[in-house]
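Peer 1:
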Ligand SMILES: N[C@@H](CCC(=O)N[C@@H](CS)C(=O)NCC(=O)O)C(=O)O
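Residue numbers (the numbering used here): 17 to 291.
Given below as structure tokens:
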């Protein structure tokens with residue numbers, strides 16, 4: 017049995033899956049996808065993931081895409097250290113969190129991330145090169161079209177994103193009060209906690225942590241999440257945007273997963289996916 021995770025070290029969707037893999041103590045091969053070389057937009061990768069985004073999980077011959085689908089798949093196929101409630105009603109509540117997190121904060125966090133750091137990637141591109149980059153995106157094209165290469169998103173778009181992030185924190189505070197904590201679903205850590213953790217960690221990295229200053233339950237929840245051994249393994253060095261773009265050094269360790277070596281990669285993968 018082989019599990020190979022194609023992912024970006026710094027992507028929140030990838031971090032979500034790594035958190036679950038480490039929490040469940042599932043062995044996997046880490047296959048970093050090189051965003052600087054736009055590897056996720058190459059023909060061989062698009063055959064695996066036609067959306068042109070990370071992460072993608074390869075479980076033997078099965079290709080599983082979309083981070084929330086992947087974490088549910090992992091918890092189903094590897095039932096040890098379960099992160100899903102056994103009661104169907106509780107399971108539905110957990111899935112309600114997953115859907116809300118996908119629709120609201122996961123989309124919203126991209127806006128301040130691009131404003132502060134990620135748009136720096138476009139500094140060296142001419143407007144024409146940027147437009148080609150945007151047009152090459154099967155799924156993210158419309159998202160990139162809303163931003164200016166130099167400045168990221170306008171004030172209206174930014175305010176709306178920050179509002180959606182604040183709404184998420186408010187929902188979580190209420191949810192934690194109702195469940196009795198320490199986790200969103202109560203006494204047990206579930207996929208819902210790991211679905212949202214990378215977004216809250218990214219807010220922290222972007223300097224937006226004041227947003228939960230008056231949310232004591234979210235503050236305690238975040239401290240608890242960060243204490244999990246899976247956390248330090250997921251956030252190895254240079255997995256946070258400030259480390260990449262500002263040289264801040266708070267990565268915990270080097271990547272503890274078995275990394276697929278550069279030299280082993282493309283040929284084998286191309287053989288695997290190209291007919
Ligand atoms: N719904 C997808 C979204 C994945 C996604 O947006 N991935 C981002 C990184 S977090 C990506 O690959 N972006 C590539 C790009 O914008 O060029 C999932 O959860 O897997």
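The beta carbon of each residue, even a glycine, is placed where N, CA and C say it ideally should be.
Please report the residue range of the beta strand (DSSP E) in which residue 95 lies.
Peer 2: Start at 1 with the first residue of the chain shown, and residue 95 comes out as number 79. Counting along the chain, residue 95 falls outside any beta strand (DSSP E), and DSSP gives it neither H nor E.
Peer 1: Taking the beta carbon of residue 69 as the centre, do at least 16 other beta carbons fall within 10 Å, making it buried, or is it exposed?
Peer 2: Locating residue 69 in the chain shown gives position 53, where the first residue counts as 1. That one is buried.
Peer 1: With a 10 Å radius around its C-beta and 16 neighbouring C-beta atoms as the bar for buried, classify residue 290 as buried or exposed.
Peer 2: Numbered from 1 along the chain shown, position 274 holds the residue referred to as residue 290. With a pLDDT of 44 at residue 290, under the threshold of 50, the modelled position of this residue cannot be trusted; read the value that follows with caution. Flag for residue 290 reads exposed.
Peer 1: Who are the Cβ neighbours of residue 150 in its own chain at under 7 Å, not counting the five residues just before and after it?
Peer 2: Against the chain shown, residue 150 aligns to sequence position 134. Correct list, in chain order: 157, 160, 161.
Peer 1: Are the beta-carbon atoms of residue 302 and residue 180 separated by less than 8 Å?
Peer 2: Residue 302 falls outside the range modelled here, since the chain spans only 17 to 291, and no answer is possible.
Peer 1: According to DSSP, what are the bridge partners of residue 48?
Peer 2: For this step, residue 48 is matched to residue 32 along the chain shown. In DSSP, residue 48 forms a bridge with 23.
Peer 1: Per DSSP, what are the beta-bridge partners of residue 81 in this structure?
Peer 2: As a first step, residue 81 is located in the chain shown; it is residue number 65 there, counting from the start. Bridge partners of residue 81: 72.
Peer 1: Near residue 264, which residues of its chain fall below 6 Å by C-beta distance, leaving aside the five closest residues on each side in sequence?
Peer 2: For the purposes of this step, residue 264 is taken as the residue at position 248 of the chain shown. For residue 264, where only same-chain residues beyond five positions count, the Cβ hits under 6 Å are 258.
Peer 1: Could you give the first and the last residue of the continuous alpha helix (DSSP H) run that contains residue 210?
Peer 2: Residue 210 sits at position 194 when you count from the first residue of the chain shown. Start and end: 207-221.
Peer 1: Alpha carbon to alpha carbon, how far is residue 18 from residue 239? Give it in angstroms, no decimals.
Peer 2: Counting from one through the chain shown, the residue named residue 239 turns up at place 223. Counting from one through the chain shown, the residue named residue 18 turns up at place 2. Computed Cα separation, rounded: 33 Å.
Peer 1: Look at the Cβ atom of residue 177, then the Cβ atom of residue 128, and state whether they are nearer than 8 Å.
Peer 2: Looking up residue 177 in the chain shown gives position 161. Looking up residue 128 in the chain shown gives position 112. Yes; because the gap between Cβ atoms is below 8 Å, this pair is in contact.
Peer 1: Contact between the segment 269-276 and the segment 222-231 is defined here as three or more beta-carbon pairs at a separation below 8 Å; is this criterion met?
Peer 2: Because the criterion of three Cβ pairs below 8 Å is not met, the segment 269-276 and the segment 222-231 do not touch.
Peer 1: So is residue 194 buried or exposed if we call it buried at 16+ other beta carbons inside 10 Å?
Peer 2: Counting from one through the chain shown, the residue named residue 194 turns up at place 178. Residue 194 comes out exposed.
Peer 1: Taking the alpha helix (DSSP H) that residue 12 falls in, what are its first and last residues?
Peer 2: Absent from the model: residue 12. The displayed extent of the chain is 17 to 291, so no value can be given.
Peer 1: Identify, in the order they occur along the chain, each residue of the same chain with its Cβ nearer than 7 Å to the Cβ of residue 213, setting aside the five sequence neighbours on each side.
Peer 2: Numbered from 1 along the chain shown, position 197 holds the residue referred to as residue 213. So the list reads 35, 241, once near-sequence residues are dropped.
Peer 1: Measuring from the CB of residue 36, is there a heavy atom of ligand 1 at a distance below 7 Å?
Peer 2: The sequence position of residue 36 within the chain shown is 20, counting from 1. No.
Peer 1: Check this for me: beta carbons of residue 97 and residue 43, under 8 Å apart or not?
Peer 2: Here the question's residue 97 lines up with position 81 in the chain shown. Here the question's residue 43 lines up with position 27 in the chain shown. The answer is no: Cβ separation not under 8 Å.
Peer 1: Near residue 138, which residues of its chain fall below 6 Å by C-beta distance, leaving aside the five closest residues on each side in sequence?
Peer 2: Start at 1 with the first residue of the chain shown, and residue 138 comes out as number 122. Taken in chain order, the residues that qualify are 146, 165.
Peer 1: Could you pull out every residue in the same chain whose Cβ sits closer than 8 Å to the Cβ of residue 250, ignoring the five residues on either side in sequence?
Peer 2: Residue mapping note: residue 250 aligns to position 234 of the chain shown, counting from 1. Result list for residue 250: 31, 34, 35, 38, in chain order.
Peer 1: In the DSSP assignment, find the unbroken alpha helix (DSSP H) run with residue 233 in it and report its ends.
Peer 2: Sequence index remark: in the chain shown, residue 233 carries index 217 (1-based). Run containing residue 233: 232-242, per the alpha helix (DSSP H) assignment.
Peer 1: Report the partner residues of residue 199 according to the DSSP bridge assignment.
Peer 2: Taking the chain shown and counting its residues from 1, one reaches residue 199 at position 183. Answer by DSSP bridge pairing, in chain order: 202.
Peer 1: Quick one: what's got a C-beta closer than 7 Å to residue 274's C-beta in the same chain, skipping five residues either side?
Peer 2: In the chain shown, counting from the first residue as 1, residue 274 sits at position 258. So the qualifying residues of the chain are 45, 46.
Peer 1: Rounding to the nearest angstrom, what Cα-Cα distance links residue 191 and residue 207 in this structure?
Peer 2: Taking the first residue of the chain shown as 1, we reach residue 191 at position 175. Taking the first residue of the chain shown as 1, we reach residue 207 at position 191. Answer to the nearest angstrom: the Cα atoms are 15 Å apart.
Peer 1: Checking the sheet assignment: what are the DSSP bridge partners for residue 274?
Peer 2: As a working mapping, residue 274 is identified with position 258 in the chain shown. DSSP output for residue 274 lists 45 as bridge partner(s).
Peer 1: Verify the contact flag: residue 29, CB atom, against every heavy atom of ligand 2, threshold strictly below 7 Å.
Peer 2: As for ligand 2, it is missing from this structure, which binds only ligand 1.
Peer 1: Helix or strand or just coil, what does DSSP make of residue 191?
Peer 2: Numbered from its first residue, the chain shown carries residue 191 at position 175. Three-state result, residue 191: helix.
Peer 1: Can we count residue 116 as close to ligand 1, meaning its CB is less than 7 Å from some heavy atom?
Peer 2: Residue mapping note: residue 116 aligns to position 100 of the chain shown, counting from 1. Answer for residue 116: no, Cβ out of range of ligand 1.
Peer 1: If we ignore side chains and look at the alpha-carbon of each, how far apart do residue 104 and residue 111 end up?
Peer 2: By one-based count along the chain shown, residue 104 stands at place 88. By one-based count along the chain shown, residue 111 stands at place 95. Whole-angstrom Cα-Cα distance: 10 Å.
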